[in-house]
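Novice: This is the structure I want to talk about, given as C-alpha cells.
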Amino acid sequence: DGGITQSPKYLFRKEGQNVTLSCEQNLNHDAMYWYRQDPGQGLRLIYYSQIVNDFQKGDIAEGYSVSREKKESFPLTVTSAQKNPTAFYLCASSIQGRRGEQYFGPGTRLTVT
Amino acid sequence: AQSVAQPEDQVNVAEGNPLTVKCTYSVSGNPYLFWYVQYPNRGLQFLLKYITGDNLVKGSYGFEAEFNKSQTSFHLKKPSALVSDSALYFCAVRDIGETGRRALTFGSGTRLQVQP
C-alpha cells in the first residue's frame, strides 16, 4: 500500500450525517485521487487533484466534496446528499504527468444505515 | 473518451497451468495501460504498465502483459499460476491524447481463482 494511509479502515454512520475520510501520503506526489469501489463495478473516479488548492470532479462527484490545502492530504467528505454512500473508498496518488502509475491506500469501508 | 473492458468476471485455472486475464481498451489516441491486483479488503497494488516500446511488458510476481494495438488488447499472462495469485485483477487505461483528465479509467475487474 506504499506511503499512503487512509483512516479509519471501517466507518459506520447514520443516514443524514456527513462523514470525512482521511487520506495522507508521504510520497511527495503532486496528484491525488479518490475512487469508489462497488461490487462488480470496478473503480469509479470521484475527484482528483493535480496540485495543491486545485481539484476537479470525476465521474461521480455528486454528493461528495474534497479539499487540497496541503500536498500530503486530500480528505473526502461524503455528504448527506449522496444517495447511496455505502461503499469501499480508495485514495491514490501519482507523480505529475500521464506516465506515472497510481499508488493506492488500503481503503476505507463506509457503511451508512 | 477512454474505456476498458474486462470480458470475464472470473477466471479459473489449476495451479501450475498458464493463466490469461483479458483486457481490451478504447481510446481516441494512444494508450498508457496498467494492470493492478487487489487482495480482499485491501488497496490496489501495481503490477505492470505499458507506455511505449516492446509490446511484451514484464512486471511483478512473474506476471507479463502483451500490448496488441491492432486488437486494442492488453492481456495479462503468467506461465505458471500459483494459489497465492488468487485475487481481483484490474486493467486500467489513460489516453495519451487526453490533456484534461489525468486519472485512470478502470475495468470492472476479473476474479482469478487458482485451484490447488
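Order-wise, the sequence lines are chains C and Y.
Take the position in the first sequence, starting the count at 1, then add 6; the result is the number in my numbering.
Anchor point for the second sequence: position 40 equals 24 in my numbering, and the numbering is continuous, going up by one each time.
Note that the Cβ used here is the ideal one computed from N, Cα and C, for glycine as well.
Taking only the alpha-carbon atoms, compute the straight-line gap between C:Leu49 and Y:Gly0 and give it to the nearest angstrom.
Specialist: For C:Leu49 and Y:Gly0, the distance between alpha carbons rounds to 30 Å.
Novice: Three-state secondary structure (DSSP) at Y:Leu(-7)?
Specialist: The displayed chain sequence assigns Asp, not Leu, to residue -7 of chain Y. In this structure, Y:Asp(-7) counts as coil in the three-state DSSP scheme.
Novice: From Y:Gln29 to Y:Val21, what distance separates their C-alpha atoms?
Specialist: Roughly 5 Å between the two C-alpha positions.
Novice: For the beta strand (DSSP E) holding Y:His59, just list the boundary residues, first then last.
Specialist: Y:His59 -> beta strand (DSSP E) spans 57 to 62.
Novice: In the DSSP assignment, the beta strand (DSSP E) including Y:Phe47 goes from what residue to what residue?
Specialist: Element bounds for Y:Phe47: n/a, residue is neither H nor E.
Novice: Name, please, each residue of chain C whose Cβ falls closer than 8 Å to the Cβ of Y:Lys103.
Specialist: This structure cannot settle anything about residue 103 of chain Y, because the visible part of chain Y is limited to -15 through 100.
Novice: Could you tell me the distance, in whole angstroms, from the CA atom of Y:Gln55 to the CA atom of C:Gln102?
Specialist: Roughly 30 Å separates the two Cα atoms.
Novice: Along chain Y, in chain order, which residues have C-beta atoms closer than 8 Å to that of C:Glu107?
Specialist: By Cβ distance, chain Y contributes Phe18, Phe30, Lys33.
Novice: Using DSSP with H/G/I as helix, E/B as strand and the rest coil, what is Y:Ser68?
Specialist: If DSSP states are grouped into helix, strand and coil, Y:Ser68 belongs with the helices.
Novice: My guess is that Y:Lys61 and Y:Thr4 are in contact by the Cβ rule of under 8 Å, so how many angstroms apart are they, rounded?
Specialist: With 8 Å as the limit, Y:Lys61 and Y:Thr4 qualify as a contact, their Cβ atoms being about 5 Å apart.
Novice: Can you find a CB in chain Y that lies within less than 8 Å of the CB of C:Asp7?
Specialist: Low local confidence applies: a pLDDT of 48 at C:Asp7 is under 50, so the model's placement there is unreliable, with the coordinate-based value given in what follows. For C:Asp7, the answer is yes, since a Cβ of chain Y falls inside 8 Å of its Cβ.
Novice: Taking only beta-carbon positions, decide if Y:Ala136 is within less than 8 Å of chain C.
Specialist: Here chain Y comprises residues numbered -15 to 100, so residue 136 of chain Y is not present and cannot be evaluated.
Novice: Measuring CB to CB, does Y:Leu96 end up less than 8 Å from Y:Val(-5)?
Specialist: Cβ atoms of Y:Leu96 and Y:Val(-5): closer than 8 Å.
Novice: Inspect the beta-carbon positions of Y:Ser42 and Y:Leu32 and report whether they are closer than 8 Å.
Specialist: The amino acid at residue 42 of chain Y is misidentified as Ser; the sequence shows Lys. In contact: Y:Lys42 and Y:Leu32 (Cβ atoms closer than 8 Å).
Novice: Pull up the distance between the alpha-carbon of C:Val25 and that of C:Ala93, whole angstroms please.
Specialist: In a straight line, the C-alpha of C:Val25 is about 13 Å away from that of C:Ala93.
Novice: If we ignore side chains and look at the alpha-carbon of each, how far apart do C:Gln31 and C:Gln56 end up?
Specialist: Straight-line Cα distance between these residues: approximately 14 Å.
Novice: Residues in its own chain within less than 8 Å of Y:Glu48 by CB, not counting five upstream and five downstream?
Specialist: Once the five neighbours on either side are set aside, the close Cβ partners of Y:Glu48 are Leu32, Leu40, Val41, Lys42, Leu60, Lys61, Lys62.
Novice: Taking the beta carbon of C:Phe110 as the centre, do at least 16 other beta carbons fall within 10 Å, making it buried, or is it exposed?
Specialist: C:Phe110 comes out buried.
Novice: Roughly how many angstroms lie between the CA atoms of Y:Asp(-7) and Y:Gly93, to the nearest whole one?
Specialist: Those two C-alpha atoms are separated by around 7 Å.
Novice: Whose C-alpha, out of Y:Val11, Y:Val(-12), Y:Gly13, is nearest the C-alpha of C:Gln47?
Specialist: Among Y:Val11, Y:Val(-12), Y:Gly13, the Cα nearest to that of C:Gln47 is on Y:Val(-12).
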